[in-house]
Every structure is written in C-alpha cells, then in structure tokens.
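Quick note on UniProt numbering: the sequence shown kicks off at 1 and runs consecutively. Where a beta carbon is used, it is the ideal one built from N, C-alpha and C, also for glycine. The structure presented is a predicted model; accordingly, all values stated were derived computationally and were not measured.
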Amino acid sequence: MDMMPFEPTPTPEPKRRGRFVSWLAASVAGAVIGSAATWYVAPKWMHGETNSQTKTAETTAKSEALPLQPTANVNTNMITAINKVADAVVGVVNIQKQVDFFSEQAQDTEAGTGSGVIFKKEGDAAYIVTNNHVIEGANKVEVALANGKKVKAQIVGADALTDLAVLKIPAEGVTKVASFGDSSKVEIGEPVAAIGNPLGLDLSRTVTEGIVSGKRTMPVSTSAGDWEIDVIQTDAAINPGNSGGALINSAGQVIGINSMKIAETGVEGLGFAIPSENVKPIVEQLMKDGKIKRPYLGVQLVDVADLSDDVRTNELKLPSNITSGAAITSVEPFSPAAEAGLKSKDVITAINGEKIDSVSALRKYLYTKTAVGDRINVTVYRDGFETTVSVTLKARDSSQS
C-alpha cells in the first residue's frame, strides 16, 4: 500500500497575524521605555559631557601661549570709588566786576567756572582745595554744592606758582569730605577717574575714566613767573571747567587735583593733575598762614639763552662758552641781593655749586632746596670774570625771585 509522503502542517493564517501583532506591541513598548530612559538620563549625560569639554578646554588653554579666558564679571570697584567722592566735588564760580558799556556802571559778572574738592569739615566751616587760576582775579567766589545750592566762599589763601588755592564755606549742606591718598604710591597703568564740571555747572560732577599714563615735570607759565610743576599724566578726559576737580584711584582716594589740559588740534588723552603729595604741604601752609612764605633774592631775571650773541658778548661780557644762566636785569633796593652786592648785568650760573641754567631752575632751587634765613653762595659772571657772592635769604609774601 502506497503511503502518502509526509508534509509539514501549514500554520494557520490567523496565528501568523497574532505573532506579528505581539511583535509590534513589544517594539512599541520598547520604544516608549527607551524614550523615557533617554529623557531621564540625557540631562545627566549632557552635563557630564559639558564637564568633560570644560576640562578639555582648560587643558588646552594651559598649553597655549596666549589663552583667552572666559570673560569676567564687570568690575564695580571704580563705581564704588566714585560714589565715595562725587558729593565732595563742587563747582567754583569766579565773579568779577565789569563795567557795563551803556550804563557805565560796574556789576558782578560770572567770569568763569571750575571745580573744587572738599577736604575738611570742622565746626561750622568746610574747606575746599581748587586751582589758583580758577579764582584768580575774582571779586567774589561762589561754590555750588552737590545738591545744587550756591553759597558764598571766602578765599583762605592762594598760590599762583603751584596753581593751588583754599576756600572756606559754611558747613551746612556739606555731606561728604574727600579722603586723599598718597600719590607717591601711584603706578603707571593704574585705573583712575576724573570728577569735575567740564564746560560749566550744567555738567556738574561729570566722571571720565582712564589710567595713569605717566609722571612728568612740565614747564608752565603762571602769573608769578615760569615754573616747573610735577604732574600725574592721565588719558581720562579733562576739559575746561574740570580744573580744581579730583583725580581719584579705585579706592576712592583723591591722588591729584586736575589742573591743566593740552588742547591742540589732533591731541587727545593728555590730562594732568597736581599730585596729592605736592598739594598737601601747600594746602597746610595756606591754611596756617594764608600765603606761601618762600625765600627770595629780590631781583628781576631773564634767561641768558633767550638773549642774542651780541648782548651776551658786548653787554654782559660773557665768555663764549657761557650760553645759559639767569641774567639780572634789576635789583630791588634793600633786598637780600642788594645787601649782598649783586648788580644788574650779573649772570647767575650756580647756587651752592649746583648749576643754574635758567630763571625757572633758579626759582626751583630756591623754593625747594633752601629756606628763609639760609646763607647761600651764588656764582656769577661780572664783567667777564667769575666770582662768588654770599647771600642771606629773607622771606617775601609774593612769589618773585
């Protein structure tokens, strides 16, 4: 009997569909679970990756010659410093009498404005340091306080040569007194800010910021004669009206009194301030005596270098190798120079052995290296011959030599 060959039993169709549905459901469930796991784990994984990248960047930065570090937060030290001083900076108004062209009557007129710094408050009075040129020639002086109120000021003392002056006002309304720092400790590149009233009181207590650009000795012309003044140079903008204002450091200390600005076409960022170390002794003497007592000779002088060869040779009879010094044009009667026998046409070339090559050099030597009552040896050329004259210095109220 033939047997039928054996063949596998075919899988019923319904069962095949059931398996497919089960597989699909399992896949969907896996996807949902996987997504949930990814959603949960991803932030932690990303955080870990960020840390890893940061560490890699730090490692790379260390190997670079000039790595760029992340930008730091804004430094607010100067803002705090400015807030310490701003209300101690005042406006100073120079009032002079002028005759009206039509009525021919004299009336008070505002001749100019500047700035000042309150440095002391004692009892019912407050004291302000400013520049001499801000108040020079004034019949009256007014001070504009931080609150806008104007008060009358009294000139305690002024010194044209150093361009400094001290004013006194009622203490009422004065809320801040500036602290002064030691300018001898100032370093080149140190951040500073200038506070003052550029172009008048409408822009009162304007702040400009910069750095200390240098320390210089500058020749200046004053109403008391030529002088050489030590200054702090800064690129912080200092404009007309800023004179007498404060130059401060990042600690909120006044390190200089703004005094002058080179204002020429194409010149920017050259402002100057009188260092606090030079301000201190002048202010203290003005507070005590109302004036600066300096030794003087009692002569009128001219720079030999400014004279023609003919004058040097025929009038002064100087040797050809003497081309600098201070020539005496007149001698004040009863002065130390007159008592010592100095004469017109004498040429001063040295004091106590130190070379004197100009009038300003002579003044600087007298005012910084001698005192009232000192006896000095003055080397002069007279009629072509060198001689030495001994002079005993006396005090004089003015700043003449």
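- Is residue 360 buried or exposed, if buried means 16 or more other CB atoms sit within 10 Å of its CB? Residue numbering aside, residue 360 sits at position 360 when the sequence shown is read from its first letter. Buried.
- Inter-residue Cα distance where the pair is residue 311 and residue 356: Here residue 311 is taken as the residue at index 311 of the sequence shown, counted from 1. Here residue 356 is taken as the residue at index 356 of the sequence shown, counted from 1. Going by the C-alpha atoms only, they are around 19 Å apart.
- Task: Mark residue 99 as exposed unless 16 or more other C-beta atoms lie within 10 angstroms of its C-beta, in which case mark it buried.
- Result: Counting from 1 along the sequence shown, the entry for residue 99 is found at position 99. Answer is exposed; the Cβ neighbour count stays below 16.
- In angstroms with no decimal places, state the Cα-to-Cα distance between residue 167 and residue 115. By one-based count along the sequence shown, residue 167 stands at place 167. By one-based count along the sequence shown, residue 115 stands at place 115. For residue 167 and residue 115, the distance between alpha carbons rounds to 12 Å.
- Message: I need the DSSP call for residue 74, collapsed to helix, strand or coil.
- Response: For the purposes of this step, residue 74 is taken as the residue at position 74 of the sequence shown. For residue 74, the pLDDT reaches just 38, beneath the cut-off of 50, and the residue's location in the model is therefore unreliable, although a value from the coordinates is still provided. Coil, per DSSP.
- For residue 346, I'd like the list of residues in its chain whose CB is within less than 6 Å of its CB, leaving aside the five on either flank, ordered along the chain. As a position in the sequence shown, residue 346 is number 346, starting the count at 1. The answer, listed in chain order, is 328, 380 and 382.
- Query: Quick one: Cα of residue 363 to Cα of residue 303, how far?
  - Reply: Working through the sequence shown from its first residue, we reach residue 363 at position 363. Working through the sequence shown from its first residue, we reach residue 303 at position 303. Between residue 363 and residue 303, the C-alpha separation is close to 12 Å.
- Message: Let's test the definition: count the other Cβ atoms within 10 Å of the Cβ of residue 396 and tell me whether it reaches 16, buried, or not, exposed.
- Response: As a working mapping, residue 396 is identified with position 396 in the sequence shown. That one is buried.
- Query: Is it the case that the Cβ atoms of residue 372 and residue 342 are separated by a distance below 9 Å?
  - Reply: Locating residue 372 in the sequence shown gives position 372, counting from the first residue. Locating residue 342 in the sequence shown gives position 342, counting from the first residue. No. Outside cutoff.
- Message: What residue range does the alpha helix (DSSP H) around residue 368 cover?
- Response: What you label residue 368 is simply residue 368 of the sequence shown in a count that begins at 1. Run containing residue 368: 359-369, per the alpha helix (DSSP H) assignment.
- Collapsed DSSP secondary structure at residue 416 in the structure displayed: Residue 416 falls outside the range modelled here, since the chain spans only 1 to 401, and no answer is possible.
- Does DSSP put residue 257 in a helix, in a strand, or in coil? Counted from its first residue, the sequence shown places residue 257 at position 257. DSSP places residue 257 in strand when its eight states are reduced to three.
- Return the first residue and the last residue of the beta strand (DSSP E) that residue 327 is part of. Along the sequence shown, one-based indexing puts residue 327 at 327. Counting along the chain, the beta strand (DSSP E) containing residue 327 begins and ends at 326-331.
- For residue 142, count neighbouring C-beta atoms within 10 Å of its own C-beta (all shown protein chains included) and say buried if the count is 16 or more, exposed if not. On the sequence shown, residue 142 is found 142 positions in, with the first residue counted as 1. Answer is buried; the Cβ neighbour count reaches 16.
- Per-residue DSSP class, three states only, for residue 303: Position 303 of the sequence shown, counting from 1, holds the residue named residue 303. Correct three-state label for residue 303: strand.
- Item | Rounded distance between the beta-carbons of residue 393 and residue 240, thought under 8 Å | Here residue 240 refers to the residue found at position 240 of the sequence shown. Here residue 393 refers to the residue found at position 393 of the sequence shown. Contact flag wrong, Cβ pair sits at about 38 Å.
- Query: DSSP state of residue 105, grouped into three classes?
  - Reply: Here residue 105 is taken as the residue at index 105 of the sequence shown, counted from 1. Coil, per DSSP.
- Task: Have a look at residue 82 and residue 174 and give me their C-alpha separation to the nearest angstrom.
- Result: Residue numbering aside, residue 82 sits at position 82 when the sequence shown is read from its first letter. Residue numbering aside, residue 174 sits at position 174 when the sequence shown is read from its first letter. Approximately 17 Å between the Cα atoms of the pair.
- Pair every Cβ in the region 232-251 with every Cβ in the region 119-127, then say whether three or more of these pairs are closer than 8 Å. no
- Item | Which listed residue (269, 148 and 201) has its alpha carbon closest to that of residue 208 | Along the sequence shown, one-based indexing puts residue 208 at 208. When only C-alpha atoms are compared, the closest one is 269.
- Status (buried if at least 16 other CB within 10 Å, exposed otherwise) for residue 386: Walking along the sequence shown from the start, residue 386 turns up at place 386. It counts as exposed.
- Please state if the CB of residue 233 and the CB of residue 272 are separated by a distance shorter than 9 Å. As a working note, residue 272 is residue 272 in the sequence shown. As a working note, residue 233 is residue 233 in the sequence shown. A contact, by the Cβ cut-off of 9 Å.
- Query: Can you give the Cα-Cα distance for residue 219 and residue 339, rounded to whole angstroms?
  - Reply: Residue numbering aside, residue 219 sits at position 219 when the sequence shown is read from its first letter. Residue numbering aside, residue 339 sits at position 339 when the sequence shown is read from its first letter. Cα to Cα, the separation comes out at about 31 Å.
- Going by alpha carbons, who is nearest to residue 403 out of 322, 149, 195 and 245? A question about residue 403 goes unanswered here, because the residues of the chain that appear run from 1 up to 401.
- Item | Cβ pair residue 403, residue 150 closer than 9 Å | The displayed coordinates of the chain run from 1 to 401. Any statement about residue 403 would go beyond what the structure contains.
- Item | Unbroken alpha helix (DSSP H) run spanning residue 134, endpoints | Taking the first residue of the sequence shown as position 1, residue 134 is located at position 134. Element bounds for residue 134: 132-135.
- Message: In the DSSP assignment, the beta strand (DSSP E) including residue 95 goes from what residue to what residue?
- Response: By 1-based counting over the sequence shown, the position of residue 95 is 95. Taken as a continuous stretch (DSSP letters only), the beta strand (DSSP E) holding residue 95 covers 89-99.
- What number of angstroms, rounded off, separates the C-alpha of residue 53 from the C-alpha of residue 197? Residue 53 sits at position 53 when you count from the first residue of the sequence shown. Residue 197 sits at position 197 when you count from the first residue of the sequence shown. Since pLDDT at residue 53 reaches only 48, below the 50 mark, its modelled position is unreliable, and no value is offered.
- Message: Can you tell me whether residue 113 is buried or exposed? The criterion is at least 16 other CB atoms within 10 Å of its CB, across all chains shown.
- Response: Stepping through the sequence shown from its first residue, residue 113 is reached at position 113. Residue 113 comes out buried.
- Message: Can you tell me whether residue 273 is helix, strand or coil according to DSSP?
- Response: As a position in the sequence shown, residue 273 is number 273, starting the count at 1. Three-state DSSP puts residue 273 in a strand.
- Task: Tell me whether residue 375 sits in a helix, a strand or coil according to DSSP, three-state version.
- Result: Residue mapping note: residue 375 aligns to position 375 of the sequence shown, counting from 1. Strand, per DSSP.
- Exposure of residue 216, with buried meaning 16 or more beta-carbon neighbours within 10 Å: On the sequence shown, residue 216 is found 216 positions in, with the first residue counted as 1. That one is exposed.
- Look at the alpha carbon of residue 256 and the alpha carbon of residue 319, and state the distance between them as a whole number of angstroms. Mapped onto the sequence shown, residue 256 falls at position 256. Mapped onto the sequence shown, residue 319 falls at position 319. Taking the straight line from one Cα to the other gives about 45 Å.
- Using 10 angstroms around the beta-carbon of residue 326, count the other beta-carbons present and answer buried if the total reaches 16, otherwise exposed. As a working note, residue 326 is residue 326 in the sequence shown. Buried, by the Cβ-count rule.
- residue 161: which of 133, 91 and 178 sits nearest, CA to CA? One-based indexing of the sequence shown puts residue 161 at position 161. Among 133, 91 and 178, the Cα nearest to that of residue 161 belongs to 133.
- Where residue 42 and residue 187 are concerned, what is the direct C-alpha to C-alpha distance, given to the nearest angstrom? Counted from its first residue, the sequence shown places residue 42 at position 42. Counted from its first residue, the sequence shown places residue 187 at position 187. Residue placement at residue 42 cannot be trusted, given a pLDDT of 41 that sits under 50; what the coordinates show is reported in the next sentence. About 53 Å.
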